[in-house]
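Visitor: In our numbering, the protein residues as written are 30 to 119. One structure follows; several queries about it will come next.
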C-alpha cells in the first residue's frame, strides 16, 4: 500500500506561513563549526525540519530570521519552496 503525501504538499498556492515556521536554536552545530546559532524552517504539519542555516553571531542569525519570516508572510508555499528548498542557486 502506498503512503499518500501530506496535505501540505498538495496545495502550493496557499500561504507559506500556513504550514511553515522559522526559529533560532543555539548550541553545538558540529565539530568543524563548533558552537553557533541555527536558523531553522520547520514544517509544523509534518514536524520536519525543511531548511536551515548556521551562524556564529546572534545578530546575523536574527537578521536572517526576520528576512525568512517576511518571506513566509508574503510568499506562497510553492514560491517559498522554489526560493529556499530547490537545489538550484537562487
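C-beta atoms are modelled at their ideal positions from N, C-alpha and C, and glycine is treated no differently.
(1) Taking DSSP as the reference, what is the three-state secondary structure of residue 98?
(2) Does DSSP put residue 66 in a helix, in a strand, or in coil?
(3) What residue range is occupied by the uninterrupted beta strand (DSSP E) comprising residue 57?
(4) Between the alpha carbons of residue 76 and residue 83, how many angstroms are there, rounded?
(5) Could you pull the DSSP bridge partners for residue 77 from this structure?
Guide: Short version:
(1) Here residue 98 refers to the residue found at position 69 when the chain shown is read from its first residue. Looking at residue 98 - three-state DSSP - the assignment turns out to be helix.
(2) In the chain shown, the residue the question calls residue 66 occupies position 37. Residue 66 falls in the strand class under three-state DSSP.
(3) Taking the chain shown and counting its residues from 1, one reaches residue 57 at position 28. Element bounds for residue 57: 49 to 59.
(4) The sequence position of residue 76 within the chain shown is 47, counting from 1. The sequence position of residue 83 within the chain shown is 54, counting from 1. So the alpha carbons of these two residues sit roughly 20 Å apart.
(5) By one-based count along the chain shown, residue 77 stands at place 48. Answer by DSSP bridge pairing, in chain order: 72.
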